[in-house]
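Enquirer:
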Amino acid sequence: MGFFLETLIGGLMSGMLYSLIALGFVLIYKASGVFNFAQGAMVLFAALAMARFSEWLPSRLGIESKVLANVIAFALAFVVMIAVAWLIERLALSKLVNQEGITLLMATLGISYFLDGFGQTVFGSDIYKIDVGLPKDPIFLMESTFQGGVLVNKEDLYAALIAAALVALLTLFFQKTGTGRALRAVADDHQAAQSIGIPLNRIWVIVWSVAGFVALVAGIIWGSKLGVQFSLSLVALKALPVVILGGLTSVPGAIIGGLIIGVGEKLSEVYLGKYFGGGIEIWFAYALALVFLLVRPQGLFGEKIIDRV
Amino acid sequence: MLYRENGQFKTSYRADLQIFPIAQDRIAIVALLAVAFVVVPLVADQYYLRAILIPFLILSLAALGLNVLVGYCGQISLGTGAFMAVGAYAAYNFFIRVDGMPMLAAVLLGGLCATAVGVVFGIPSLRIKGLYLAVATLAAQFFVDWAFLRITWFTNDAPSGSVGVRNLSVFGLPIESPVQKYLFTLTVVVVFALLVKNLVRSAIGREWMAIRDMDVAAAVIGIRPVYAKLTAFAVSSFVVGVAGALWGFIYLGSWEPAAFSIDRSFQLLFMIIIGGLGSIMGSFFGAAFIVLLPIFLDQALPALGTAVGLRLDTAFVSHVTIMIFGALIVFFLIVEPHGIARLWSTGKEKLRLWPFPH
Amino acid sequence: MTTTFPRLLLEHAAKRPEAPALREKEYGIWQSLAWAPLATLVRHLACGLAAAGLGRGQHIAVIGANRPRLYASMLAAQSLGAIPVPLYQDAAATEFTFPINNAEVAFAIVEDQEQVDKLVEVREQCPQLASIWYDDPRGLRNYNEPGLAALDALLAAGQAHDAANPTLFADSVAAGRPEDVAALFFTSGTTGQPKGVVHTHATLTDRAQAGASFDRLTHDEEVLAYLPPAWIGQNIFSYAQWLVCGYVVNCPESSATVTIDMKEIGPTYYFAPPSVFEGLLTSVTIRMEDASAPKRWLYQRFMDVARRIGPARMDGKAVGLADRLLYGLGNLLVYAPLRNSLGLSRVRVAYTAGEAIGPDLFTFYRSLGINLKQLYGSTETAVFVCLQPDNEVRADTVGVPIDGVEIKLADSGEILVRSAGLLKGYYKNPAATAEVLDADGWYHTGDAGFIEAGGHLKIIDRAKDVGRMADGAMFAPKYIENKLKFFPYIKEAVAFGDRRERVCVFVNIDFSAVGNWAERRNLPYAGYTDLAQKPEVYQLIGDCVEKVNADLAADERLSGSQVSRFLLLHKELDADDGELTRTNKVRRGHIGEKYRVLVDALYGGLDHQYIETQVKFEDGRSGMVAADLKIADAKTFSHARRAA
Amino acid sequence: MEGSVTLKALAGAGMPHRKIGEVILDVQNISLRFGGVKALTDISFDVREHEVRAIIGPNGAGKSSMLNCINGVYQPQQGAITFRGKTFKHMNSRQVAKMGVARTFQSLALFKGMSVLDNIMTGRNLRMKRNLLWQALRIGPAEREENEHRAVVERIIDFLEIQAWRKTPVGRLPYGLQKRVDLGRALAMEPQVLLLDEPMAGMNVEEKQDMCRFILDVNDEFGTTIVLIEHDMGVVMDISDRVVVLDYGKKIGDGTPDEVRANPEVIKAYLGTTH
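Chains as they are written, first to last, in my numbering: chain A, 4 to 312; chain B, 3 to 360; chain C, 16 to 659; chain D, 707 to 981.
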């Protein structure tokens, strides 16, 4: 029982991180109808930036305080991500408006290749570590309830908390701020949004920046966990089924989908893995999403599509 | 400018519907084939055959298959690598488990297995469209990667799914030396190119394109989306599967699942985007481009580096290479969504109308 | 050549049954009809017509574009000894009444609904018109006109009738004699009713044969038939010569696709009036204007080369090696592709006729390496009178009389022709016939001209316009005016000289051309009148006149009519002021009256003359234009000196 | 050869022209909703063989929805459709096509990546029998089949007078010609009933006249029954035998043009909207 809970919680926590990245997808898809395959590349890019900055600042500028270094590095990385977002909008998206989804998807594929290459060219391609002082020691919960209690990795716990906080923050941002409302308007109907004078391009830059920010946070969390390296950009592939499950256009969908996938992955690995010779979490999420699609093509919270003639 | 079409009038539909209706084109293609089959084997040295021409041909074949699905039927797929893998491993199993199984037969059977898998993963396409479908095909990719890594039966209990084949032959002729391999591949590719071309210019090809261009209208004139899409998946994955088998048997000789990773899938997608969606010729252009560009950059960049006085390591070069790929994809999608093939055909039109612009 | 068209058909069918006789682009491909099947088709049509009551000597109207089954119908009618009367398919219904009644036509075979409608419309006025058959049934499903039926029905009836009387066809073909009337061509007379020109099998085949042997035509020629078959020009090329030579006649898919079809077929033997060639050239120029700068440069550059070298090359004269290479390059880059996209790559012989063709236009095609030639003839002469032999082609002559043709010049300078190809007369119009055919069988062409040294016939004017100088020398105003107008700077010219001792000319400068010329020399001017009076402009035009004089001097008959004095008019001649006809031909007499002062000044030897003229403006208001016009003398040459 | 048979059908051989026949298509009490929105409410009307039947009404009256129900693009919630005596709760596109109902579209729905020829050829697909393998080899029967159907399609190209553009990609054609190709694609199915969705929308007068001529010719030559949607009253009245008038998804009139013109409700609906 304890073991089950452990797995469950573990699942929920990694699920939280999936939702974080999934959120990036959803944001961009809602605002610009782009299925942003480059989300993963952005995570890697952001993480690389963060890692290298936090390393250079002390060494080159002799900033002693580790915290300060991290903060500045974070700020810088964010600026970089905004720049990236702006460039993507300028150079690619603005020239591909009103193209079919597939074309845009392929474009973001191109972008992700570019970012991967670019990031590693600029920041190098070794394994770097990010240390934002997340405690690594495990804690034990509910030792009273069961023997040995439930082991939880503190780092995961914090990560999950941060993720949750960010998700909450973004949701607020969407509901409350003017920009948020503008974003929603754009998402609902481009023409209408334009006609009431919402500057599409600026909105897109903002969205991509936000997505960049999300990527940065995700990058830091994963990075400090696994170290910053190319494999980070594959994390995004993990988030895809989440989006599908939750529905491309729904923020809550992304969150819940993330949790489901996270939990499902862990449980399946633990309880089914042995029958399949392990490693099934690679595809389990997809299988799950796929089965789900067949039942409900528009995902958990997505809108139904009617094509008119 | 080179075209002289006066007097080339068609007195039968057969003549009018041939693949190359213009005499000058027919001459050109025959010349090209002659060079490919006769001159190249005589002059090209081992390295070029092994490292450039053979992979180019096999990847062209795979791109051709993918183009059927994406370019002609408009169904995106990110799982091409998986279908290649199925082709390769299935062929491998037929080859080693059934004794006396001829290589060619094994390869084709491998293709058939890929077809089966392709159709299975194509089923979602009946309910889900575009982006969602992309994810479904990714599922295929990951599942297959995993399967050949973990399910040891497929790999004849080889560790980490690395397998190999040797002493290949076709109709008693050995397929060992690069030249033999080249000629064999070339033959297969030419035959397949012809067959696929026939398909896309026949009823089924029109059904695919109809679904791609305007599926509602297609349904109204009695085209079954189910049939059209599944046949596209079937044909596509058959060709891709055969390509996979060749990739393993002819090019690599011994391989492991990594040879058919998701990167392969993306690479093939790039080939048809750059080469030209919905164009047979485009598949070849794209393959040539993507095979040659890295080789070129490997030579050019370091040279350039030393010229400006800095040493560029291979890692750097490879990063720049994928960077350039990425940029090119976006560039083509924006500037010429129909790729090199369209540039080619526009150029040809200009030559036909020369000196007039239109 | 003593045979009939039906016999020629049967010969081809016997000799080359499989060889294609007609090709029609229909349903996307060129459907060929071989000689043997054609013969069968004709046989059945003939029997059908016979069954319908068409008899020897009767007329049958054939109306429509170039369609194989219409040609077959003509042959069918001729096999029965009946006479096909091709009528212009684009004529209005009312224009049909005269010919149909004049030739008491009772049968008609037409192309489609459009023609049927027209005939139905005139049926009131043409009660004898009993039966009409149509080739294309589209839209005619619910017509219930009496006597209206599909050609297919006729065909079916014919098959039955043929089965019943198996010898009918052969017999009636055998009964046909060369001197039987073969066809009736109505010439749209400029004045009064059209006249039906009567031709026999003998006249048509004789000329067709003569023309064919002149250019060594074989049965391998490809011809594109796209002009109205009712025009003898089209008819002789795609019917008479077709049957004489047995080559292939191709019918375009539709009027909208002629250029495409032309490109596909690439005829080897081509015929068109100057207007068509002009249209082609225009389209070339327009399309080249949209071309990119380098292409345009290439085009200009090599067209200059072509103009320099091309004609000589075509005439088989020796050309320097450098030039030959240059031309070869041009051929690769420009000429050959151009010929290809015009559909003229395979042309062996191309003819233009009907009216005078401008030398620039003419040389354009020659210089491209297209063997374009001129011929002289008319409906009455079954076309072929004079043709230009290869390598003896010139813009200002129409070639040499071909075998079987005698040419004589009347004292009036009018050209008289005698040949086996002359019309038998105008149908039911002895008066008109007498006007053109004299007792000794000379046909009076109504054209004035003469045989040049070298035996080439030169047409200078309509005979009625040619006058005489005081010294009796020939004076051909239109000829002189045309020569002047070939210069871009000269818009109009009016020549005086009839019954005077020398020739004087009014010239209208071309405002835009001369305007540009002036600007390039930054020569300021205030409007037309001012520009016209600039001494530089007088110099410019003077040079043109001098060139014309040089040409005229080269010819002893015309050297007498060189331009001695000229002036540049202060206003453009205008139809609104009654100086031009509505078709923009100068009204010489009227102008002479209106500007009598100027004429007198010219002949009075004055060097300037003041004149006021009332003019009508666009908006209908009228006003005065006044100017003091200079009068210049032109350099003339004596014939002898040029000859030396 | 099979080709020539179908040609006969095209030429309308044995079709007693313009003899308005029995009811061929009968629409009974069709109602269609999207979520809460009522697109059609209890619509009933019939179409007789060989007639030209018009459905008119202001924009948004539900005309297109009606067609979409007839050829199975939409599934109405209530009502039934009877075609040649067979009654269906709702139609299935392929079935409808097989039964001989063809259709053109209001907003151009051509296959923009294909040539005029191929677009029209797709209309023949239902009749092409050779399987994938044959098509891949494209020899013997497969090639013969292809050519036979090409022959039929060429008849249509000839009929619509678009020979000059046969090989042109439809995307490059002017709007009016694209409409013709759309019609051609429908004709290639040799339909018994032809549904035309605003065939003259957005055309200039000349193009409209041409289109009218083609429609009438189709009806004449092939005896095809025609159901025609227009929101422009003028054009329809001259060419149709009977007219149904829809407004806001309800039927407000049905009868000969004159009857409909006289119908007060119709007048109201049309005065309400400026047409």
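Quick reminder that beta carbons are idealized off the backbone N, C-alpha and C, glycines included.
Could you check the C-alpha separation between residue 452 of chain C and residue 247 of chain C for me, to the nearest Å?
Expert: So the alpha carbons of these two residues sit roughly 19 Å apart.
Enquirer: Would you mind telling me which residues of chain B sit closer than 7 Å to residue 45 of chain C, beta carbon to beta carbon, in chain order?
Expert: In chain order: 11, 12, 13.
Enquirer: Please report the Cβ distance between residue 74 of chain C and residue 50 of chain C, rounded to the nearest whole angstrom; I am assuming they are in contact, meaning their Cβ atoms lie under 8 Å.
Expert: Actually they do not touch by this definition, with Cβ atoms about 27 Å apart.
Enquirer: What does DSSP give as the partner residue(s) for residue 39 of chain C in the beta ladder?
Expert: Beta-bridge pairing links residue 39 of chain C to C:46, C:266.
Enquirer: Verify the CB distance criterion: does residue 345 of chain B have a CB-CB separation below 8 Å to chain C?
Expert: By this cut-off, residue 345 of chain B is not an interface position.
Enquirer: Contact between the stretch 436 to 453 of chain C and the stretch 508 to 522 of chain C is defined here as three or more beta-carbon pairs at a separation below 8 Å; is this criterion met?
Expert: No contact exists between the stretch 436 to 453 of chain C and the stretch 508 to 522 of chain C.
Enquirer: Is there a Cβ from chain C that is less than 8 Å from the Cβ of residue 927 of chain D?
Expert: It does; some Cβ of chain C falls within 8 Å.
Enquirer: Run down chain A in chain order and give the residues with a C-beta less than 9 Å from the C-beta of residue 327 of chain B.
Expert: The contacting residues are 113, 116, 117, 120.
Enquirer: Just to confirm my understanding: we take residue 234 of chain C, look at its own chain, exclude 5 residues before and 5 after, and list those with CB closer than 6 Å. What are they?
Expert: So the list reads 260, 261, 262, once near-sequence residues are dropped.
Enquirer: Measuring alpha carbon to alpha carbon, tell me which residue in C:461, C:568, C:324 is nearest residue 447 of chain C.
Expert: Of C:461, C:568, C:324, the residue nearest in Cα terms is C:461.
Enquirer: How is residue 720 of chain D classed by DSSP in three states: helix, strand or coil?
Expert: Confidence is the limiting factor: at residue 720 of chain D the pLDDT is only 37, short of 50, which leaves the residue's position unreliable and the question unanswerable from this model.
Enquirer: Tell me, please, whether the CB atom of residue 6 of chain B is closer than 8 Å to any CB atom in chain C?
Expert: Yes, residue 6 of chain B lies at the interface with chain C (some Cβ there is under 8 Å from its Cβ).
Enquirer: Any heavy atom of the ligand NAP closer than 7 Å to the CB of residue 106 of chain B?
Expert: In the structure on display, the ligand NAP does not appear, and there are no ligands present to speak of.
Enquirer: Round the Cβ separation of residue 103 of chain B and residue 266 of chain B to the nearest angstrom and send it over; I've been treating them as touching at under 8 Å.
Expert: No, residue 103 of chain B and residue 266 of chain B are not in contact; Cβ-Cβ is about 26 Å, not under 8 Å.
Enquirer: Any beta carbon from chain D within less than 8 Å of residue 275 of chain C's own beta carbon?
Expert: Yes, contact with chain D.
Enquirer: Whole angstroms are fine: how far does the CA of residue 865 of chain D sit from the CA of residue 494 of chain C?
Expert: In a straight line, the C-alpha of residue 494 of chain C is about 50 Å away from that of residue 865 of chain D.
Enquirer: Please list the residues of the stretch 858 to 876 of chain D that have a C-beta atom closer than 8 Å to any C-beta atom in chain C, keeping them in chain order.
Expert: Hits within the stretch, in order: 860, 861, 863, 864, 865, 867, 869, 870, 872.
Enquirer: Can you tell me which of the three DSSP states residue 179 of chain A falls into?
Expert: It is helical.
Enquirer: Taking the alpha carbon of residue 767 of chain D as the reference point, which residue from D:963, D:945, D:938 has its own alpha carbon closest?
Expert: Minimum Cα distance to residue 767 of chain D is reached at D:938.
Enquirer: Using a Cβ-Cβ distance under 8 Å, would residue 271 of chain C count as near chain D?
Expert: Taking Cβ atoms only, chain D reaches closer than 8 Å to residue 271 of chain C, which makes this a yes.
Enquirer: Can you have a look at residue 211 of chain B and say buried or exposed, based on whether 16 or more other CB atoms are within 10 angstroms of its CB?
Expert: That one is buried.
Enquirer: Check whether chain D comes within 8 Å of residue 294 of chain C, counting only Cβ atoms and requiring the distance to be less than that.
Expert: No, no contact with chain D.
Enquirer: Name, please, each residue of chain B whose Cβ falls closer than 7 Å to the Cβ of residue 842 of chain D.
Expert: Those are 197, 200, 201, listed as they occur along chain B.
Enquirer: Scan the stretch 224 to 250 of chain B and note each continuous beta strand (DSSP E) run of 3 residues or more that stays entirely inside, going in chain order.
Expert: List check, beta strand (DSSP E) in window: nothing returned.
Enquirer: Would residue 944 of chain D pass as an interface residue toward chain C - the criterion being a Cβ-Cβ separation below 8 Å?
Expert: Residue 944 of chain D does not count as touching chain C.
Enquirer: Less than 7 Å between C-beta atoms, sequence neighbours within five positions excluded: which residues of the same chain meet that for residue 22 of chain B?
Expert: Contacts found: 28, 31.
Enquirer: Does any CB atom of chain C fall closer than 8 Å to the CB of residue 726 of chain D?
Expert: No, no contact with chain C.
Enquirer: What's the C-alpha gap between residue 98 of chain A and residue 753 of chain D?
Expert: Each residue's alpha carbon lies about 49 Å from the other.
Enquirer: According to the neighbour-count rule (16 or more other Cβ atoms, all chains shown, within 10 Å of its Cβ), is residue 349 of chain C buried or exposed?
Expert: Result: buried.
Enquirer: Less than 8 Å between the C-beta atoms of residue 603 of chain C and residue 492 of chain C, yes or no?
Expert: In contact: residue 603 of chain C and residue 492 of chain C (Cβ atoms closer than 8 Å).
Enquirer: Determine the chain D residues that contact residue 215 of chain B at a beta-carbon separation under 8 Å, and present them in chain order.
Expert: Ordered by position in chain D, the residues that pass the 8 Å Cβ test against residue 215 of chain B are 816, 817, 818, 819, 820.
Enquirer: Who are the Cβ neighbours of residue 229 of chain B in its own chain at under 8 Å, not counting the five residues just before and after it?
Expert: For residue 229 of chain B, where only same-chain residues beyond five positions count, the Cβ hits under 8 Å are 209.
Enquirer: Are there 16 or more other CB atoms within 10 angstroms of the CB of residue 641 of chain C, so buried, or fewer, so exposed?
Expert: Flag for residue 641 of chain C reads exposed.
Enquirer: Going along chain B, which residues have a C-beta under 7 Å from residue 123 of chain A?
Expert: In chain order: 321.
Enquirer: Are the C-beta atoms of residue 920 of chain D and some chain B residue less than 8 Å apart?
Expert: With 8 Å as the cut-off, residue 920 of chain D does not count as an interface residue toward chain B.
Enquirer: Assuming residue 126 of chain C contacts residue 105 of chain C under a Cβ cut-off of 8 Å, what Cβ separation, rounded to an integer in Å, is found between them?
Expert: Not a contact, Cβ separation roughly 11 Å.
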